[in-house]
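Per our numbering, numbering through the sequence shown is continuous, rising by one, with the last residue being 191.
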Amino acid sequence: VRLLVVRNPVAGERDVLAMEVKLAHHKGAKAVSQRTHSLPYVTIFFFTEVDDPIFCPITHLVSLAIADGAVEAPSLTTVERVFEHKVWGPVVSTPLSWKQEILKTPIFRQDKKPADSSVLKSPA
């Protein structure tokens, strides 16, 4: 999963977040790669922000990343700071990097809850 801040083409408006999700191991991928004897078949999905937060996969991913402390930049500690991040310089987009120790951690996993049912942060 790559998270990018993309420059808004409308001057003066907030830059937008985009997400790239690459799936390498999914139904149909093995059959295609065996037939062609090439590299594994990869499917890439692109997402941009949606006005209604409940339907926005980027909002969900950013929330999980902040809760896990997965973002490399020390200044991006809240969801608001991630959504307010700006693209600087002549580039069109700025990728947000993940911490190395979190790269192999599944995004969607069961939380570890203590016996008293209080909520804890997921282990990295």
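All C-beta atoms, glycine included, are put in the ideal place defined by N, C-alpha and C.
Given the structure is predicted, the values throughout are model-derived calculations rather than measurements.
Are residue i and residue j closer than 7 Å when you measure CB to CB?
| i | j | result |
| --- | --- | --- |
| Glu116 | Val158 | no |
| Val85 | Leu71 | For clarity, residue 85 is Ala in the given sequence; the question names Val instead. Cβ distance < 7 Å, so Ala85 and Leu71 count as in contact. |
| Ser160 | Glu139 | no |
| Val129 | Arg74 | no |
| Lys89 | Val109 | yes |
| Glu80 | Arg69 | no |
Report the partner residues of residue i according to the DSSP bridge assignment.
| i | result |
| --- | --- |
| Lys89 | Ile111 |
| Pro162 | Leu71 |
| Val83 | Val73 |
| Val138 | Trp165 |
On the three-state DSSP scale, how would you describe residue i?
| i | result |
| --- | --- |
| Arg69 | strand |
| Leu143 | coil |
| Val154 | coil |
| Val149 | helix |
| Val117 | coil |
| Phe175 | coil |
Roughly how far, in whole angstroms, is the beta-carbon of residue i from the beta-carbon of residue j, given that I think they are within contact range, below 8 Å?
| i | j | result |
| --- | --- | --- |
| Phe113 | Ile125 | At roughly 11 Å, the Cβ-Cβ gap does not stay under 8 Å, so Phe113 and Ile125 are not in contact. |
| Lys166 | Ala134 | Not confirmed; about 13 Å, so no contact. |
ask   = Any contact of the segment 169-176 with the segment 141-152, i.e. 3+ C-beta pairs under 8 Å?
value = no
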